[in-house]
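Structure, as structure tokens:
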Amino acid sequence: MKVEFIENFLIVWNPKDGSELYKMGFYGKPLGIPKPKTPEFNVPLILDLMEGVYLAGKRAITVHEGSERKKKVTLRKLRQRAKLLYEEFDGKYAVYHDLRSSGFVVTPGIKFGCDFAVYKHGPGLEHSPYMVSVRKAKSEMTATEIVKAGRLATTVRKRFIIAVPDIEREKIRYLIFKWFRA
């Protein structure tokens, strides 16, 4: 499936192809449709770079850029561009890849103040039960930050998860916070 790389996004111009990608796992956002009621739509599909790297790695898409979309963008070059856009891309991508490969639907978590919102079934079918923040193994988190994350997660009825990727060992530790009333 051919997609075009424009600035920091990938665009699937063919609505039929876009609908197919969306059906495969809720990839992307249909242009101008914030909450699609059906996986069939008649508009282009916008993918973010995280999704693009994943789908290109799975050979589900081929990425092109330039006039007439003639120049093919390699997976390596796509990853390099993603590293410029995302802070700590390698760690975040490792978590994204692990969650997607485990059957979860992963979307940007910016509106929840985290890296990813994670669904068991998909947006529109359920509210995301998890919010995931990716942290380095040696990074510190203050008690105040933990309380803030817990309050936010409780307010939006989600479980707060800290994902700690170990790129060299290809392992990810997930720390799931369970809140209780004192």
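Those letters in the sequence shown? Residues 1431 to 1612, per this note's numbering, in order.
A virtual CB, placed ideally from N, CA and C, is assigned to each residue, including glycine.
No experiment lies behind these values; they were computed from the predicted model shown.
Where Lys-1601 is concerned, the enclosing beta strand (DSSP E) starts and stops at 1601 to 1607. With at least 16 other beta carbons inside 10 angstroms of its own, Pro-1474 counts as buried. The criterion of a C-beta distance shorter than 8 Å is satisfied by Leu-1479 and Ala-1512. In the DSSP assignment, His-1494 forms a beta bridge with Glu-1434, Lys-1502.
For Asp-1545, the three-state secondary structure derived from DSSP is coil. Beta-bridge partners assigned by DSSP to Met-1561: Ala-1547, Phe-1590.
Around Val-1536, the same chain offers Tyr-1526, Leu-1529, Arg-1530, Phe-1546, Val-1548 as residues with beta carbons nearer than 6 Å, after the five sequence neighbours per side are excluded. Remark: C-beta atoms of Val-1564 and Gly-1521 approach each other more closely than 8 Å. C-alpha of Val-1562 to C-alpha of Ile-1591: approximately 5 Å in a straight line.
In this structure Ala-1486 touches Leu-1505 by the C-beta definition: roughly 5 Å separates them, less than 8 Å.
Per the coordinates, the alpha-carbon of Ile-1606 lies some 43 Å from the alpha-carbon of Lys-1501. Listed in chain order, the non-local C-beta contacts of Asp-1596 below 8 Å within the same chain comprise Ala-1567, Ile-1602, Arg-1603, local neighbours out to five positions each way being set aside.
Per DSSP, Thr-1537 is one residue of the beta strand (DSSP E) stretching across 1535 to 1538. In this structure, the alpha-carbon of Lys-1467 lies about 35 Å from that of Ile-1576. DSSP, reduced to helix, strand and coil, places Phe-1471 outside both helices and strands of the structure shown, so it counts as coil.
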